[in-house]
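Here's the structure we're looking at; comments come further down.
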Amino acid sequence: MGEGSSILPLELDNVSFEAGGKRLIKGLSHTFERALRTVIIGPNGAGKSLLLRLCHGLIGASAGRIVWHGAGGRDPAPYQGMVFQRPIMLRRSVAANVDYALALRGIRRRQRPVLVDEALVHTGLKRFARQPARLLSFGEQQKLALARVWALKPQVLFLDEPTASLDPTATHTVEEIIAAFHAAGTRIVLTTHDLGQARRLADEVLFLHRGRLLEKAPAARFFAKPANDLAEAFIRGELLWWRRGIDRREKPAGEKAID
Amino acid sequence: MTRVIIRFWLAAACIWPVQAGAGDGKTFITVASTTSTQNSGFFAYILPLFRKNTGIEVRVVAVGTGQALRLARRGDADVLFVHHGPSEEKFVAAGFGVKRHDVMVNDFVIVGPGDDPAGIGGMTDAAKAARRIAAAPAPFVSRGDDSGTHKKEQELWRAAGIDAQAASGTWYRETGSGMGATLNTAAAMRAYTLTDRGTWLGFKNKAGMRVLSEGGRRLLNPYGVILVNPARHPYVKAKLGKIFIDWLISAEGQAAIASFRIGGRRAYRPNAATAGATRPAP
Amino acid sequence: MPEFGAAFAEALSLVIRLDRDLAEIVWLSLEVSLAAVFLATLIGMPLGAAVALFHFPGRKAVIVGVNALMGLPPVVVGLIVYLSLSRAGPFGVFGMLFTPAALIAAQVLLVFPIIAALTRQVVEDLWAEYSDQLRSFGAGPGRALTALLWDGRFTLLTAVLAGFGRASAEVGAVMIVGGNIDHVTRVMTTAIALEVRKGDLALALGLGVILMALSLIVNGAAFLIKDTVETRYG
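Protein chains in written order, with the numbering used here: chain A, 11 to 269; chain B, 236 to 517; chain C, 2 to 235.
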């Protein structure tokens, strides 16, 4: 997928993000290598969405570096795509929505219809091509969001809780499309709070809690036996409700551990 | 194809305001005049006659005398046609106008409620009538807008020795409006008011009011026409304006004025002097 | 109230007779107001969108200012335009005073704040909703501007209609800058004012009825268009 050489790997070096006086991402470091599917999990408010936005460039880090090592002077943005939890559709037809994304990318008018058609066929939306996008069901709109991104042939695809609002059938279809992206060579970075989905899709898991990256591991190892207790509690289905995030291994000075 | 159509309509839409706003380029002059001459229908009658004669279109901006004078002073009109002698003299004296010509005269009348509570019916001395109204006191509606009619009304109060301003808000009501609006107000309030006969004859909402005091020297209403001084405002259409004025004071124009009737009655008496700018003999 | 009955009778008879003077006045009113709304949209819509999307020093002051301009009394606008277009004024050379152009100018000034203010609100709300996705596609506020305007087209149409309503109902400004000259600058509203002044209340009311009918027709047409397009394109 994508023209030219890969912009990966993506390195986050001690990245922090502050807003409204609060530090929402704290000292996060990780390198996204190629050809893996990364799933970021954690409770609500952990900063998963923020992390995706930071990586994609929608917001800027307050501290630390975010570097696309493979970009080599090119602007990395056109090689990425993002799908959000709620699909944002313009008030125009299904086909026109895909066409608009292509137009923004600078694809010439003559070439667009073919690409639009291919994207709609690939996601099974061809028969809706002329319909107003907003009249589609939620699941179909999310497929359309994916079709739109498919047409752009991204090297990296960020997905922020893409199936959170969908029924199981739609969820399944979306996961299939994600698999198709991956098969075509797109690097997948996905957040979810659905552990089942994480198990199904992940090659690599990142666990976030209160803005800190508490654990990162290959999926098999993570789900078998997570190293971090909070992660373990989370997988067990516990609600991580207490105020100060305590990691047995890194106790803030002067803090008492909660047992 | 749709793009071409859209572009065409956009272009048309852009051109349209220009043509809508554009003047016609016809020969025309702008005359600043008063609402009384417009309301009576005088201009609607006489201007087509002038146009047939000369091909010149006359555009009348009908406002109060005070505003008409200001318009003319700024050079926004070519000819001034109002009915307040002293203001007109001042206008010419200050160099804004070339010369004042008598054109026509009609009269003012005091109208009021049919039952005449102040008892002024039949009086020809307007100052005495004014004094009676103030004494009653009966409600009186004033135009209060610096128009020729308003200025005449103020002369009456002065002649009667009454300070009507001081009573403003009580029996003396100032509307700050044109003659028609003031008549409407007087009809609704069952009050007295001063109006020119032309407007009164054409007024359709009399609602039981009638003429109570008329005739008399004080109620004469002379109209004058003045060419705005091209020396002061070079773009004034002096040549065309002069043609208009000359026609008005010519035998033909005067005859046309005399032939204007409202309800069978002659509305304005032509009185152009052959020379000079003198006020008509009472 | 006998006036209302007489008014409707007058209105009806004028329309049936296809009274030439009336037709002339109606046509001029439509021409002037439509032209004014068109120009005001041309000015106000991009202005509103730009204020919505771009943050510049003094932006808040501009927003408050434009909102306040919506309440500008028409007669004040008329005065300002008159003084500007007067021979003695800065734009006197164009000789626009007492012509339809002056009417259009005054109405544009009255209408563009409405369109600008409403456009700003619509675009601001839409951008808040769309910005993440659009920026993900690489569209900054500038490139997204036309897409946002198109997406908000139904609400914006209502804003334009509100502008048209204000333009065609206005009498104070057009009276001052137009002079209500017969066959030249006499529009529906000034004609009504004249008939009231002359005391012909029935005719005035009749003209008023026709003016309201015109407004109904324009709004009805706009609604139909919006409805059809909406069902087709969502």
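Ideal Cβ placement from N, Cα and C applies to all residues, glycine included.
This one's a predicted model, so the numbers in the text were calculated from it and none came from an experiment.
Per DSSP, the bridge partner or partners of Ser485/B: Indexing the second sequence from 1 puts residue 485/B at position 250. BP columns for Ser485/B are empty, so no partner.
Neighbour flag for Ala148/C against chain A, beta carbons, 8 Å: For the purposes of this step, residue 148/C is taken as the residue at position 147 of the third sequence. Chain A, which has a Cβ nearer than 8 Å to the Cβ of Ala148/C, makes this yes.
Whole-number beta carbon distance between Phe331/B and Arg308/B, since they are thought to touch under 8 Å: Locating residue 308/B in the second sequence gives position 73, counting from the first residue. Locating residue 331/B in the second sequence gives position 96, counting from the first residue. A Cβ-Cβ distance of about 5 Å is found for the pair Arg308/B and Phe331/B, placing them in contact under the 8 Å criterion.
C-beta atoms of Phe285/B and Phe479/B nearer than 8 Å: Walking along the second sequence from the start, residue 285/B turns up at place 50. Walking along the second sequence from the start, residue 479/B turns up at place 244. In this structure, Phe285/B sits near Phe479/B, with a CB-CB distance shorter than 8 Å.
Identified DSSP bridge partners for His40/A: Position 30 of the first sequence, counted from the start, is the residue given in the question as residue 40/A. Its beta-bridge partners are Leu22/A.
Cβ pair Pro207/B, Ile105/C closer than 8 Å: In this structure chain B extends from 236 to 517, so residue 207/B is not present and cannot be described.
Partners in chain C for Leu114/A, counting only beta-carbon separations shorter than 9 Å: By 1-based counting over the first sequence, the position of residue 114/A is 104. What Leu114/A touches in chain C: Leu135, Phe138, Gly139, Ala140, Arg144, Ala145, Ala148.
CB of Gln108/C within 8 Å of CB of Val172/C, strictly: If you number the third sequence from 1, residue 108/C lands on position 107. If you number the third sequence from 1, residue 172/C lands on position 171. In this structure, Gln108/C keeps its C-beta atom at 8 Å or more from the C-beta atom of Val172/C.
DSSP bridge partner residues for Thr173/A (one or two, in chain order): By one-based count along the first sequence, residue 173/A stands at place 163. Bridge partners of Thr173/A: none, in fact.
CB-CB length for Arg122/A against Ala113/A, believed under 8 Å: Here the question's residue 122/A lines up with position 112 in the first sequence. Here the question's residue 113/A lines up with position 103 in the first sequence. With 8 Å as the limit, Arg122/A and Ala113/A qualify as a contact, their Cβ atoms being about 7 Å apart.
Status (buried if at least 16 other CB within 10 Å, exposed otherwise) for Asn107/A: Your numbering for residue 107/A matches position 97 in the first sequence. Per the 10 Å Cβ criterion, buried.
Residues bridged to Met444/B (per DSSP): By 1-based counting over the second sequence, the position of residue 444/B is 209. In the DSSP output, where bridge partners are listed per residue, Met444/B has Pro348/B.
Cβ neighbour criterion (16 or more within 10 Å) applied to Phe278/B: Residue mapping note: residue 278/B aligns to position 43 of the second sequence, counting from 1. Buried, because 16 or more other Cβ atoms sit within 10 Å of the Cβ of Phe278/B.
Contact with chain C by Lys261/A, beta-carbon distance below 8 Å: The count along the first sequence starts at 1 and reaches residue 261/A at position 251. Low local confidence applies: a pLDDT of 44 at Lys261/A is under 50, so the model's placement there is unreliable, with the coordinate-based value given in what follows. Chain C contact via Cβ: absent.
Gly74/A: first and last residue of the uninterrupted beta strand (DSSP E) it sits in: Within the first sequence, numbered from 1, the residue matching residue 74/A stands at position 64. For Gly74/A, the uninterrupted beta strand (DSSP E) segment begins and ends at 73-78.
The segment 197-208 of chain C: positions lying closer than 9 Å to chain B by Cβ: Contacts with chain B (Cβ-Cβ distance below 9 Å) from the segment 197-208 of chain C involve Val197, Arg198, Lys199, Gly200, Asp201, Leu202, Ala203, Leu204, listed in chain order.
Val210/C beta carbon less than 8 Å from that of Ala8/C: Working through the third sequence from its first residue, we reach residue 8/C at position 7. Working through the third sequence from its first residue, we reach residue 210/C at position 209. Yes, the pair counts as a contact, with Cβ atoms nearer than the cut-off.
Distance between Asp337/B and Tyr427/B (C-alpha atoms, nearest Å): As a position in the second sequence, residue 427/B is number 192, starting the count at 1. As a position in the second sequence, residue 337/B is number 102, starting the count at 1. Those two C-alpha atoms are separated by around 30 Å.
Leu508/B versus Lys363/B, Asp481/B, Gly413/B, residue with shortest Cα-Cα distance: Translated into positions along the second sequence, residue 508/B becomes position 273. The sequence given here places Ala at residue 508/B; Leu does not occur at that position. Looking only at Lys363/B, Asp481/B, Gly413/B, the smallest Cα-Cα distance to Ala508/B is reached by Asp481/B.
Sufficient close CB pairs (3 or more, under 8 Å) joining the segment 34-54 of chain C to the segment 123-130 of chain C: Judged by Cβ distances under 8 Å, the segment 34-54 of chain C makes contact with the segment 123-130 of chain C, as three or more pairs qualify.
Pair within 8 Å by beta-carbon distance, Leu22/A and Asp213/A: Residue 22/A sits at position 12 when you count from the first residue of the first sequence. Residue 213/A sits at position 203 when you count from the first residue of the first sequence. No, they are not a contact pair.
Residues, ordered as in the chain, of the segment 307-336 of chain B that lie near chain C by beta-carbon distance below 7 Å: Here the close residues are Arg309, Gly310, Asp311.
Candidates Arg367/B, Phe243/B, Asn341/B, Ile345/B: closest to Ala353/B by CA position: Numbered from its first residue, the second sequence carries residue 353/B at position 118. With respect to the C-alpha of Ala353/B, the residue from Arg367/B, Phe243/B, Asn341/B, Ile345/B having the closest C-alpha is Arg367/B.
Cβ neighbour criterion (16 or more within 10 Å) applied to Ala9/A: Residue 9/A lies beyond the stretch modelled for chain A, which goes from 11 to 269, so this question has no answer here.
Buried or exposed by the 16-neighbour rule on C-beta atoms within 10 Å, applied to Ala157/A: Stepping through the first sequence from its first residue, residue 157/A is reached at position 147. With at least 16 other beta carbons inside 10 angstroms of its own, Ala157/A counts as buried.
Nonlocal neighbours in the same chain, by C-beta distance under 6 Å from Phe94/A, ignoring five residues either side: Position 84 of the first sequence holds residue 94/A. Cβ within range, chain order: Asp170.
Distance CB(Asp381/B)-CB(Ser412/B) smaller than 8 Å: Taking the first residue of the second sequence as position 1, residue 381/B is located at position 146. Taking the first residue of the second sequence as position 1, residue 412/B is located at position 177. With respect to the 8 Å criterion, Asp381/B and Ser412/B are not classified as neighbours on the basis of their beta carbons.
Helix, strand or coil at Gln273/B according to DSSP, with G and I counted as helix: Against the second sequence, residue 273/B aligns to sequence position 38. Here Gln273/B sits in helix by DSSP.
At least three beta-carbon pairs within less than 8 Å, the segment 264-274 of chain B to the segment 405-421 of chain B: Three or more beta-carbon pairs drawn from the segment 264-274 of chain B and the segment 405-421 of chain B are found closer than 8 Å, and the two stretches are therefore classed as touching.
Cβ separation of Leu34/A and Leu218/A, assumed to be a contact under 8 Å, to the nearest whole Å: The residue you call residue 34/A lines up with position 24 of the first sequence. The residue you call residue 218/A lines up with position 208 of the first sequence. Taking 8 Å as the upper bound for CB-CB distance, Leu34/A and Leu218/A are not in contact here, some 11 Å apart.
Expected contact under 8 Å - CB spacing of Phe316/B and Val463/B to nearest Å: By 1-based counting over the second sequence, the position of residue 316/B is 81. By 1-based counting over the second sequence, the position of residue 463/B is 228. Actually they are not in contact, since the Cβ atoms of Phe316/B and Val463/B sit about 11 Å apart, beyond 8 Å.
Per-residue contacts from Gly91/A into chain C (C-beta, under 9 Å): As a first step, residue 91/A is located in the first sequence; it is residue number 81 there, counting from the start. Within 9 Å Cβ-Cβ: Ser137, Phe138.
Outcome for Met213/C when other beta-carbon atoms lying within 10 angstroms are tallied against a minimum of 16: As a first step, residue 213/C must be located in the third sequence, where it is residue number 212. Flag for Met213/C reads exposed.
Anticipated Cβ contact below 8 Å, Val184/A with Pro172/A, distance rounded: Here residue 184/A is taken as the residue at index 174 of the first sequence, counted from 1. Here residue 172/A is taken as the residue at index 162 of the first sequence, counted from 1. With 8 Å as the limit, Val184/A and Pro172/A qualify as a contact, their Cβ atoms being about 6 Å apart.
Contact with chain A by Asp152/C, beta-carbon distance below 8 Å: To locate residue 152/C, count along the third sequence from 1; it is residue 151. Residue-level contact by beta carbon holds for Asp152/C and chain A, with a gap shorter than 8 Å.
Three-way DSSP call (helix, strand, coil) for Met99/A in this model: Within the first sequence, the letter at position 89 stands for residue 99/A. The three-state reading of DSSP puts Met99/A in coil, since its state is none of H, G, I, E or B.
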